[in-house]
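These notes concern the structure reproduced below.
This is the structure:
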């Protein structure tokens with residue numbers, strides 16, 4: 069069986085962490101339904117930083133402290149089912165933005181897609197799948213990279 073590597077974007081990670089988030093149930097359902105044989109899921113430096121930025125913002129509905137956000141990120145490694153083959157994986161980034169985003173440059177139409185293009189490029193580079201609720205990423209991926217994107221409802 070082919071292995072799948074999933075990379076969570078910021079909104080997917082926030083939805084996983086916050087039981088009151090509008091997408092929490094969908095994220096939990098997806099997470100529990102992952103085909104686990106040789107499957108990994110994880111985050112990268114951008115999703116870590118974005119998670120902390122969003123979840124600790126005083127304007128967030130139920131913000132965490134910095135310490136609570138860090139503790140949550142630390143606990144992510146236990147959200148794994150090693151007996152069934154599901155494992156957490158940290159995705160480091162060593163490539164420049166231009167290198168990872170280059171396949172999508174012609175589809176960028178907003179400053180709000182800069183990080184999205186980097187994350188999608190990271191998924192493409194690592195033969196993985198970016199998990200998101202952001203429908204705009206479908207346009208960015210186009211048909212050529214649709215296999216590297218999972219849009220959840």
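Numbering (the numbering used here), first residue to last: 69 to 221.
Note that the Cβ used here is the ideal one computed from N, Cα and C, for glycine as well.
All values derive from a computational prediction rather than experimental measurement.
For residue i, which of helix, strand or coil comes out of DSSP?
| i | result |
| --- | --- |
| residue 188 | helix |
| residue 127 | coil |
| residue 69 | Because residue 69 sits at a pLDDT of 46, beneath the cut-off of 50, its placement in the model cannot be relied upon, and the point is left open. |
Thinking C-beta only, is residue j closer than 9 Å to residue i?
| i | j | result |
| --- | --- | --- |
| residue 123 | residue 132 | yes |
| residue 205 | residue 219 | yes |
| residue 200 | residue 154 | no |
| residue 159 | residue 190 | yes |
| residue 165 | residue 182 | yes |
If you draw a straight line from the C-alpha of residue i to the C-alpha of residue j, how long is it?
| i | j | result |
| --- | --- | --- |
| residue 118 | residue 78 | 6 Å |
| residue 93 | residue 76 | 15 Å |
| residue 212 | residue 72 | 18 Å |
| residue 109 | residue 145 | 10 Å |
Grab the span of the beta strand (DSSP E) containing residue i for me, first residue to last.
| i | result |
| --- | --- |
| residue 74 | 73–76 |
| residue 217 | 217–219 |
For residue i, I'd like the list of residues in its chain whose CB is within less than 8 Å of its CB, leaving aside the five on either flank, ordered along the chain.
| i | result |
| --- | --- |
| residue 130 | 86 and 88 |
Span of the alpha helix (DSSP H) holding residue i?
| i | result |
| --- | --- |
| residue 145 | Careful: residue 145 lies outside any alpha helix (DSSP H) and carries neither H nor E. |
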